[in-house]
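Report on one structure; see the data block that follows.
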Amino acid sequence: MTAIFLTGNAVGWDFAFGRLVASIVIAIIVGLLMGVIFREHDEKNTAGFATGMESEKSYSNLTVASFLILQFGILIVLGLHIDPRLKWGITGVFLLVLLYLV
């Protein structure tokens, strides 16, 4: 929502309104596509609701926290103004650790 207000102040309210409408339309289209793509998965989970889910792997809180922190770290490192080799090296290490966690 903040982005819409910033767009309105910087570029104009007609452009901000168009951006708002476009974002709503895109969200609806993506939601419908995901519903079609994951329909089979949802049907399996609905059918097995009483007996338990299909195959649910449990993760510890530390693993989930590490996963989120590493993703955030990747975003931060890629936004830094440092040597590209160092930037991509750190990002690669973060990515390898993420893949290990999963």
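Taken in order, the sequence shown gives residues 50 to 151; the numbers are from my numbering.
From the three backbone atoms N, C-alpha and C, an ideal C-beta is built for every residue, glycine too.
Remember, predicted model here, so these are calculated numbers, not experimental data.
{"query": "For the segment 52-117, which segments carrying the alpha helix (DSSP H) assignment without a break, of at least 4 residues, lie completely within its bounds, in sequence order?", "result": "62-86, 88-96"}
{"query": "Under 8 Å: do the segment 78-87 and the segment 115-130 share three or more Cβ pairs, one atom per stretch?", "result": "no"}
{"query": "May I ask which residues mark the beginning and end of the alpha helix (DSSP H) holding Val-142?", "result": "133-150"}
{"query": "Between the C-alpha atoms of Pro-133 and Ser-107, what's the straight-line distance to the nearest angstrom?", "result": "36 Å"}
{"query": "Buried or exposed: Phe-143, going by 16 or more other Cβ atoms within 10 Å of its Cβ?", "result": "buried"}
{"query": "Do you know how far the Cα of Lys-136 is from the Cα of Leu-119?", "result": "14 Å"}
{"query": "Taking only three categories from DSSP, how would you classify Leu-124?", "result": "helix"}
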